[in-house]
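Chemist:
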Amino acid sequence: MTPDAFQVAASWLRRYTDCIHSGDLPGLVSCFHPEGYLRDILIFTWNTRCLNGHENIAAYLIDTLPAAALTELQLDNRPGLTPEFGGFTVQLGPGKSEPAVSAGFTFLCKQGLGRGYFSLLLSDTGEWTALTVLMALAELQGHEEVLQDEGIYGGHTLAWSDVVREQREAVEKDPYVLIVGGGQTGLNVAAQFKQMKIKSLVIEKNQNLGDNWRKRYPTLSLHSPKASSTMLYQSFPRNWPVFAPRDKMADWLQQYARLQDIVVWTNSRLLPTPTYDDVSKRWTLIIDRNGSLVTLHPAHIIVAAGALGAAYIPSIGGSESFRGTTVHSTEYQGGGLFAGKRVIVVGAGNSAADICQDLCFNGAQSVTMIQRSGTTVVGISSARAILEYLWPDTLPTEVADFIVMAKPLGLMKRMEKATEAQVSERERETHTGLAEAGFNLITGKGLFSLFYEAYGGYCIGCFIGVDVGCAELIRSGQVRIKQGVEISGFAEDLVIFTDGSSLKTDVVIYA
Numbered sequence: 006m007t008p009d010a011f012q013v014a015a016s017w018l019r020r021y022t023d024c025i026h027s028g029d030l031p032g033l034v035s036c037f038h039p040e041g042y043l044r045d046i047l048i049f050t051w052n053t054r055c056l057n058g059h060e061n062i063a064a065y066l067i068d069t070l071p072a073a074a075l076t077e078l079q080l081d082n083r084p085g086l087t088p089e090f091g092g093f094t095v096q097l098g099p100g101k102s103e104p105a106v107s108a109g110f111t112f113l114c115k116q117g118l119g120r121g122y123f124s125l126l127l128s129d130t131g132e133w134t135a136l137t138v139l140m141a142l143a144e145l146q147g148h149e150e151v152l153q154d155e156g157i158y159g160g161h162t163l164a165w166s167d168v169v170r171e172q173r174e175a176v177e178k179d180p181y182v183l184i185v186g187g188g189q190t191g192l193n194v195a196a197q198f199k200q201m202k203i204k205s206l207v208i209e210k211n212q213n214l215g216d217n218w219r220k221r222y223p224t225l226s227l228h229s230p231k232a233s234s235t236m237l238y239q240s241f242p243r244n245w246p247v248f249a250p251r252d253k254m255a256d257w258l259q260q261y262a263r264l265q266d267i268v269v270w271t272n273s274r275l276l277p278t279p280t281y282d283d284v285s286k287r288w289t290l291i292i293d294r295n296g297s298l299v300t301l302h303p304a305h306i307i308v309a310a311g312a313l314g315a316a317y318i319p320s321i322g323g324s325e326s327f328r329g330t331t332v333h334s335t336e337y338q339g340g341g342l343f344a345g346k347r348v349i350v351v352g353a354g355n356s357a358a359d360i361c362q363d364l365c366f367n368g369a370q371s372v373t374m375i376q377r378s379g380t381t382v383v384g385i386s387s388a389r390a391i392l393e394y395l396w397p398d399t400l401p402t403e404v405a406d407f408i409v410m411a412k413p414l415g416l417m418k419r420m421e422k423a424t425e426a427q428v429s430e431r432e433r434e435t436h437t438g439l440a441e442a443g444f445n446l447i448t449g450k451g452l453f454s455l456f457y458e459a460y461g462g463y464c465i466g467c468f469i470g471v472d473v474g475c476a477e478l479i480r481s482g483q484v485r486i487k488q489g490v491e492i493s494g495f496a497e498d499l500v501i502f503t504d505g506s507s508l509k510t511d512v513v514i515y516a
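Set out below in structure tokens:
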């Protein structure tokens, strides 16, 4: 007889709750699978932690459980979080694949409202135990999110424009949080803080929001589908492209900030070096705002200036004698500028592949990709299938985000391992062609594993098995591969490599 998912989830949560309330740590730990994970985000400590196995979970909770003051644990009835079979299937041993019962739950804790998610496996003894339990702070007491205003102010005596102007002036005069960077992350954080009644000011170095997109190469687009790339409170339109192009993303950021009433200073930079006062618990910092210096005293600074850091062009001997052009991918404005030129692209990730493809189709005389080490290649169709499975159109993005967040990295690796053969077979033709062309492929690594562990060495969508993809250009020889080397020197029209070889070139693009 197939068990009822709701009954399984409710029974487990009752046992888990009873152990918490009675302080029964051994009983609480026994609610977990022997290989289970506890993921804690600001509940048991003012930090984020992930514990694996009974011994580690017990050692973590022995001192932190009482202080968390957990109460009112109950199943979450939001769509997508009610108990169900599925959630995921994980390989726990040779030939052993287990389906899970997964469910969300809510609770109160010392800091405010918490939300959780668990996935249960059935043991050989017939007992359901948790392979994963996520417990995360969802709302901070005193700063709960107000998801919408009434839109009526002062009993219909105040205009919305006047209210917004006053709010903006209050933020600019005394921001509680300074957010450095007006890209997706900075604006998402600012939007949530506004709903939490936390005064936050965003500063962006560019002249306009979205210029961090507009200034990149013309063919740039997101390599993740829209459902996994949407922003807080404001989904993309139904007719939005699956993979949003550069200029649409740039315009979206501008209108997002305007519609979310986010206070942004463009053409503004944080000057070195902010100082912190332990008594007032405030920073003193100076912002260059369009040439004027402004001193502010926020309590917190959030740096949202990008995950990859500043553009880097290495200092290489002989570069001063090179008569050609040297440019970083962040300044690349399209292949039309280099028609008829011999071009070297240093790098083998997303940007490098996009740029190589653009150069070929804009008439470059030759294009050579320099691949120093190895790259994991995932075709756009495979990446889309993975991401749309995790972020389906049938679920609100915030719910899908929450479910993905509930899966620890260690478990994700095991889940990817279970599907490795399927993905490899799907990419077999592309991988074979790349390898034959001299491209060094890293195999046996999943998309999420590489992304989270190294934020590098992966490539989504840039090597795709369609006529206009970079993989086909590499296989056909239109993009040449020089593998396992770095640039060691320059001459007038020559690039010299660490293996002693050289290439005549007109343009070097670092990507």
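Here the sequence shown stands for residues 6 to 516, where the numbers follow the numbering used here.
No residue lacks a Cβ here, since even glycine has one placed at the ideal position from N, Cα and C.
These numbers come from a predicted model, not from an experiment.
1) Kindly indicate which residue of MET420, THR448 and ALA440 has the alpha-carbon position closest to the one of SER429.
2) Tell me which residues share the same chain as PRO279 and place their Cβ nearer than 6 Å to its Cβ, disregarding the 5 neighbours each side in the sequence.
3) So what's MET249 in DSSP terms, helix, strand or just coil?
4) Under three-state DSSP, which class holds ILE267?
5) Could you give the first and the last residue of the continuous beta strand (DSSP E) run that contains PHE495?
6) Would you report the Cα separation of SER454 and ARG377, rounded to the nearest angstrom?
7) So for ALA63, helix, strand or coil by DSSP?
8) Where ALA320 and SER493 are concerned, what is the direct C-alpha to C-alpha distance, given to the nearest angstrom?
9) Determine whether the beta carbon atoms of THR137 and TYR42 lie at a separation below 8 Å.
10) Going by the DSSP bridge assignment, what does LEU184 pair with across the sheet?
11) Under the three-state reduction of DSSP, which class applies to TYR317: helix, strand or coil?
12) Pull up the CB-CB distance for ASN211 and THR271, whole angstroms please, since I reckon it's below 8 Å.
13) Look up LYS412 in the DSSP assignment and give the residues it is bridged to.
14) For PHE11, I'd like the list of residues in its chain whose CB is within less than 6 Å of its CB, leaving aside the five on either flank, ordered along the chain.
15) What is the residue span of the alpha helix (DSSP H) that GLY200 lies within?
16) Got a sec? Which residues, its chain only, sit under 6 Å from LEU508 by beta carbon, not counting five neighbours each side?
17) From the DSSP output, which residues share a beta bridge with CYS55?
18) Under DSSP, the beta strand (DSSP E) around ILE486 begins and ends at which residues?
19) CA-CA distance, PHE502 and PHE495?
20) Does the Cβ-Cβ distance between LEU113 and THR76 come in under 8 Å?
21) Can you tell me whether DSSP reads HIS333 as helix, strand or coil?
22) Mark HIS436 as exposed unless 16 or more other C-beta atoms lie within 10 angstroms of its C-beta, in which case mark it buried.
23) Measuring CA to CA, which of GLY314, LYS418, ARG251 and LYS412 is closest to GLN338?
24) Three or more C-beta pairs closer than 8 Å, one from the region 369-386 and one from the region 396-405: is that the case here?
25) Roughly how far, in whole angstroms, is the beta-carbon of THR111 from the beta-carbon of ARG120, given that I think they are within contact range, below 8 Å?
26) Would you kindly report the start and end of the unbroken alpha helix (DSSP H) that includes ASP216?
27) Can you tell me which of the three DSSP states ILE122 falls into?
28) For SER356, which residues in the same chain have their Cβ closer than 6 Å to its Cβ, ignoring the five residues on either side in sequence?
29) Can you tell which of PHE37, GLY58, HIS38 and ILE67 has the C-alpha that lies nearest to the C-alpha of THR50?
30) Enumerate in chain order the residues of its own chain whose CB-to-CB distance from GLN5 is below 7 Å, with the five nearest sequence positions on each side excluded.
31) I need the DSSP call for ILE157, collapsed to helix, strand or coil.
32) Have a look at LEU127, LEU86, LYS220 and LYS487 and flag the residue whose alpha-carbon is nearest the alpha-carbon of LEU439.
Modeler: Looking at the atomic coordinates:
1) THR448
2) TRP288 and LEU290
3) Note that residue 249 is Ala in the sequence shown, not Met. Secondary structure at ALA249: coil, using DSSP grouped into helix, strand and coil.
4) Of the three classes helix, strand and coil, the one that applies to ILE267 here is coil, per DSSP.
5) Element bounds for PHE495: 492-495.
6) 21 Å
7) helix
8) Inspection of the sequence shows that residue 320 is occupied by Ser rather than by Ala. Cα to Cα, the separation comes out at about 10 Å.
9) yes
10) Before going further, note that residue 184 is Ile rather than Leu in the sequence given. Answer by DSSP bridge pairing, in chain order: VAL207 and ILE307.
11) coil
12) 6 Å
13) Beta-bridge partners assigned by DSSP to LYS412: none are found.
14) Around PHE11: PRO88.
15) Residue identity check: residue 200 is Gln in the sequence provided, not Gly. Note, GLN200: alpha helix (DSSP H), 189-200.
16) VAL500
17) ARG44
18) Per DSSP, the unbroken beta strand (DSSP E) holding ILE486 starts and ends at 484-488.
19) 9 Å
20) yes
21) HIS333 falls in the strand class under three-state DSSP.
22) buried
23) Cα-wise, what sits closest to GLN338 is ARG251.
24) no
25) Correct: roughly 6 Å between the Cβ atoms.
26) 216-219
27) Before going further, note that residue 122 is Tyr rather than Ile in the sequence given. In this structure, TYR122 counts as strand in the three-state DSSP scheme.
28) SER334 and ALA516
29) ILE67
30) Given a span of 6 to 516 for the chain in the structure shown, any question on residue 5 remains unanswerable.
31) Of the three classes helix, strand and coil, the one that applies to ILE157 here is coil, per DSSP.
32) LYS487
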